[in-house]
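Student: First, the structure itself, so that you have it in front of you.
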Amino acid sequence: MSFVNIISALGNNNSVYPLIVRDCGIENFAKCIMTYKQNAKESKFIARQATRERIIDEYGTSAVWLGGIPLMKFISDKIIDSKGLCSKVDIRLFNETKNQGLNLNIKKFTSVASSAVSDLVKIEKNKNLYKNLQVGKFFLSTAIPIAVMGFFLPKFNFSFTKKKMEKLKKENNNQISFKTKKIDEFLKASKNDSKINFCGVDKFLNLSDVNCMMILDGGLTAGRIKTSRNKKEKCEMAFKMAAMFYLNYFAPKKIDKFLNNLTKKIFGLNTSLDVKTLSDKNFLNEIKSNLLKLPEGFDEKSVLDFIDNNPNSSFVEQIKKMKLVSFLENNIRDPRKYVEVEKINSYRKAIDEFSADALNYGSIEKYAKKAFRAKSFNVIANVIISSFLLAVVLPKLQFLFRKITTGSNLDPGIVDNDKK
77 MSFVNIISAL GNNNSVYPLI VRDCGIENFA KCIMTYKQNA KESKFIARQA
127 TRERIIDEYG TSAVWLGGIP LMKFISDKII DSKGLCSKVD IRLFNETKNQ
177 GLNLNIKKFT SVASSAVSDL VKIEKNKNLY KNLQVGKFFL STAIPIAVMG
227 FFLPKFNFSF TKKKMEKLKK ENNNQISFKT KKIDEFLKAS KNDSKINFCG
277 VDKFLNLSDV NCMMILDGGL TAGRIKTSRN KKEKCEMAFK MAAMFYLNYF
327 APKKIDKFLN NLTKKIFGLN TSLDVKTLSD KNFLNEIKSN LLKLPEGFDE
377 KSVLDFIDNN PNSSFVEQIK KMKLVSFLEN NIRDPRKYVE VEKINSYRKA
427 IDEFSADALN YGSIEKYAKK AFRAKSFNVI ANVIISSFLL AVVLPKLQFL
477 FRKITTGSNL DPGIVDNDKK
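Sequential numbering of the sequence shown, starting at 77, is according to this note's numbering.
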């Protein structure tokens, strides 16, 4: 994988790649170390139990969080395909507009993409079945990972700790206690059941993996709070999960916007485009020669007509790279895919702004090189900053929250079990 592709992947805050780097590469490792150090201030035994719990929690959750959705979707797609229906068909095409939809695409692409159109025809004849299968796919991709991460994993983790604590208690003739509560109180189990309710699921059938992961985190939060062993642990878990949700999904986008604005203000460089576009010589030459072709308007018809009539244009090549539009092997737009025109228009505006700034600079090549370096720096800086917030700042805030609410450095779930 080239440097350009790596930076492009890490710079796309709507993809899973930045999450993988932050979560598995930095955050989990740092949190495990900090958990041991925090608990070891008062008890090395508790520190070992808390660290083991954190290792299982963090890495077990990451495995399900990052791999569960793709695996469940893969299985679901195989089931859908086995029914003779193509799982690639976007269900949003069921909502016909003037310019794209199931029936409209069948008529428009029959002569140029017969194989793909045959997939649409089968779906058109089995709309209800296909929609039901997609609903099942959504549940399979979210409910199972939520159940594993939010309920099974913590209960397994806590039961393992419970056995360790019971063993310690027997070895010390029931005399062991910590600064907060006796182990006896820890051994009391809560038996409240809970159910997960999903409403309006049809609105979520075409969510990206990242958006599905946001839903998983919501379910994970509910599960972790529900399975927490006492009120203090519930409060700490709610604080931690809310902060993690913000730092994972919203903070990186705000940091990216801040860094881009700062780069423009200080250095006069426009870094709103992806590095793949900034390194495309043909694209830069078209700007330089004033030959860059763009859709005449921003309405759906203008954008789709331009894409269909100019599949080899530099602009279409860029939105292909950004995976904003899909093409078949014969260079025809895939009629099974729904085109999100708003996202294409957003990138088109970024191209307009970059083109104007580059032309004003004088040398397109030099400006693009500087913008490329600045963009690469901003992407790496964003990963470092957001990882630092998750791996260092958040745990410290969590431990401060614990100290304020419990008066102890020890994990409240292990040594304290107040009734709920």
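A virtual CB, placed ideally from N, CA and C, is assigned to each residue, including glycine.
1. For A318, is the classification buried or exposed, using 16 other Cβ atoms within 10 angstroms of its Cβ as the cut-off for buried?
2. Suppose only complete runs of 3+ residues qualify. What are the beta strand (DSSP E) ranges in the segment 446-471, listed by chain order?
3. Starting from F170, trace the alpha helix (DSSP H) in both directions and tell me its first and last residue.
4. What are the boundary residues of the alpha helix (DSSP H) that includes A189?
5. Can you tell me whether DSSP reads F326 as helix, strand or coil?
6. Below 8 Å, can you find three or more Cβ-Cβ pairs linking the segment 408-420 to the segment 164-176?
7. Can you tell me whether DSSP reads R478 as helix, strand or coil?
8. At 4 residues or longer, what runs of the alpha helix (DSSP H) sit wholly inside the segment 359-417?
9. How many angstroms separate the CA atom of E134 from the CA atom of F334?
10. Less than 7 Å between C-beta atoms, sequence neighbours within five positions excluded: which residues of the same chain meet that for T127?
11. Is the CB-CB distance between N336 and T353 below 7 Å?
12. Taking DSSP as the reference, what is the three-state secondary structure of E118?
13. Exposed or buried, what is G226 when buried is set at 16 or more other beta-carbons lying within 10 Å of its beta-carbon?
14. Going straight from the alpha carbon of R409 to that of A314, what length do you get?
15. For a quick check, are the C-beta atoms of T237 and Q125 less than 7 Å apart?
16. Exposed or buried, what is P146 when buried is set at 16 or more other beta-carbons lying within 10 Å of its beta-carbon?
17. Helix, strand or coil: which one does DSSP assign to D293?
18. If you measure between the beta carbons of N385 and V392, is that distance less than 7 Å?
19. I490 lies in the alpha helix (DSSP H); which residues open and close that run?
20. Going by alpha carbons, who is nearest to S326 out of I82, I83, N89, F79?
21. How many Å lie between M241 and K302 at the Cα?
22. Do you know whose CA, among I395, I460, K397, L435, lies nearest G344's CA?
23. Based on Cα-Cα distance, which residue from E372, L360, I480 lies nearest to A432?
24. Using a threshold of 7 Å, state whether the C-beta atoms of L196 and L209 are closer than that.
25. Is the beta carbon of S217 closer than 7 Å to that of K159?
26. Can you tell me whether D133 is helix, strand or coil according to DSSP?
27. Taking 7 Å as the threshold (C-beta atoms), are A467 and A106 in contact?
28. In whole angstroms, what is the alpha-carbon distance linking V188 and D356?
Tutor: Short version:
1. Taking the first residue of the sequence shown as position 1, residue 318 is located at position 242. Classification for A318: exposed.
2. none
3. As a first step, residue 170 must be located in the sequence shown, where it is residue number 94. That residue, F170, is in no alpha helix (DSSP H); it is neither H nor E in DSSP.
4. Residue mapping note: residue 189 aligns to position 113 of the sequence shown, counting from 1. Element bounds for A189: n/a, residue is neither H nor E.
5. Counted from its first residue, the sequence shown places residue 326 at position 250. Looking at F326 - three-state DSSP - the assignment turns out to be coil, as it is neither helix nor strand.
6. yes
7. As a working note, residue 478 is residue 402 in the sequence shown. Three-state DSSP puts R478 in a helix.
8. 376-385, 390-397
9. As a first step, residue 134 must be located in the sequence shown, where it is residue number 58. As a first step, residue 334 must be located in the sequence shown, where it is residue number 258. Approximately 29 Å, taken between the alpha carbons.
10. Your numbering for residue 127 matches position 51 in the sequence shown. Closer than 7 Å at Cβ, skipping near neighbours: C108, T111, Y112.
11. Walking along the sequence shown from the start, residue 336 turns up at place 260. Walking along the sequence shown from the start, residue 353 turns up at place 277. No. Outside cutoff.
12. Within the sequence shown, residue 118 is the residue found at index 42, counting from 1. The answer is coil: DSSP assigns E118 none of H, G, I, E or B.
13. One-based indexing of the sequence shown puts residue 226 at position 150. Result: buried.
14. By 1-based counting over the sequence shown, the position of residue 409 is 333. By 1-based counting over the sequence shown, the position of residue 314 is 238. R409 and A314: Cα-Cα distance of roughly 45 Å.
15. Taking the sequence shown and counting its residues from 1, the one referred to as residue 237 is at position 161. Taking the sequence shown and counting its residues from 1, the one referred to as residue 125 is at position 49. It is a contact, given that the beta carbons lie within the stated cut-off.
16. Within the sequence shown, residue 146 is the residue found at index 70, counting from 1. Exposed, by the Cβ-count rule.
17. Here residue 293 refers to the residue found at position 217 of the sequence shown. The answer is helix: DSSP assigns D293 an H, G or I state.
18. Here residue 385 refers to the residue found at position 309 when the sequence shown is read from its first residue. Here residue 392 refers to the residue found at position 316 when the sequence shown is read from its first residue. Cβ distance not < 7 Å, so N385 and V392 don't count as in contact.
19. As a position in the sequence shown, residue 490 is number 414, starting the count at 1. I490 -> alpha helix (DSSP H) spans 488-491.
20. As a first step, residue 326 must be located in the sequence shown, where it is residue number 250. Residue identity check: residue 326 is Phe in the sequence provided, not Ser. Closest by alpha carbon: N89.
21. Numbered from its first residue, the sequence shown carries residue 241 at position 165. Numbered from its first residue, the sequence shown carries residue 302 at position 226. If I take the Cα positions, the gap works out to 22 Å.
22. Locating residue 344 in the sequence shown gives position 268, where the first residue counts as 1. Among I395, I460, K397, L435, the Cα nearest to that of G344 is on L435.
23. Locating residue 432 in the sequence shown gives position 356, counting from the first residue. For the residues E372, L360, I480, the minimum Cα distance to A432 belongs to L360.
24. Counted from its first residue, the sequence shown places residue 196 at position 120. Counted from its first residue, the sequence shown places residue 209 at position 133. Taking 7 Å as the Cβ cut-off, L196 and L209 do not qualify as a contacting pair.
25. Here residue 159 refers to the residue found at position 83 when the sequence shown is read from its first residue. Here residue 217 refers to the residue found at position 141 when the sequence shown is read from its first residue. Not a contact, by the Cβ cut-off of 7 Å.
26. As a position in the sequence shown, residue 133 is number 57, starting the count at 1. D133 falls in the helix class under three-state DSSP.
27. In the sequence shown, the residue the question calls residue 106 occupies position 30. In the sequence shown, the residue the question calls residue 467 occupies position 391. Yes, they are a contact pair.
28. Residue numbering aside, residue 188 sits at position 112 when the sequence shown is read from its first letter. Residue numbering aside, residue 356 sits at position 280 when the sequence shown is read from its first letter. Going from the Cα of V188 to the Cα of D356 covers about 29 Å.
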